[in-house]
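Going by the numbering used here, the residue at position 19 of the sequence shown is 37; the numbering climbs one at a time, nothing skipped. The C-beta atom is built at its ideal place from N, Cα and C for all residues, glycine as well. Structure record follows, encoded as structure tokens.
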Amino acid sequence: MPSQDHASHAGDGHASHDGDGRSPYKAVNLPFFAALDQSLAVAGQLNPEDMAALRAAGFVSVINNRPDGEDGPNQPTSRQMQAAAE
């Protein structure tokens with residue numbers, strides 16, 4: 019699964035890469051998602067419900083760069099994200 023970090027992307031903050039030669043993954047429609055190369059992608063803040071879409075797209079790992087509580091009490095905790103990814 020992609021790194022859970024912010025990436026710049028023009029437009030509405032959503033991007034899909036499917037068949038553009040840069041990513042072997044199926045299209046993913048998540049905030050600020052961008053495939054950096056064939057094995058690495060980045061995205062904005064993910065939610066636990068995003069994990070199933072990432073798994074279906076072929077991702078196998080997530081690196082969560084956000085500390086718990088960084089964006090207030092409504093931000094999912096690292097534990098919640100890990101549980102959803104397993």
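Return the first residue and the last residue of the alpha helix (DSSP H) that residue 101 is part of. 96 to 103
Measure from the alpha carbon of residue 50 to the alpha carbon of each residue in 62, 78, 102, then state which is nearest. 62
Within 10 angstroms of the Cβ of residue 58, are there 16 or more other Cβ atoms? Answer buried if so, exposed if not. exposed
Check for me: the alpha helix (DSSP H) holding residue 74 runs from which residue to which? 68 to 74
If you drop the 5 nearest sequence neighbours on each side, which residues of the same chain put their C-beta closer than 8 Å to that of residue 101? 66
Flag this pair as yes or no: are the beta carbons of residue 64 and residue 46 separated by less than 8 Å? no
When 93, 60, 89, 68 are compared against residue 104, the one with the closest alpha-carbon: 68
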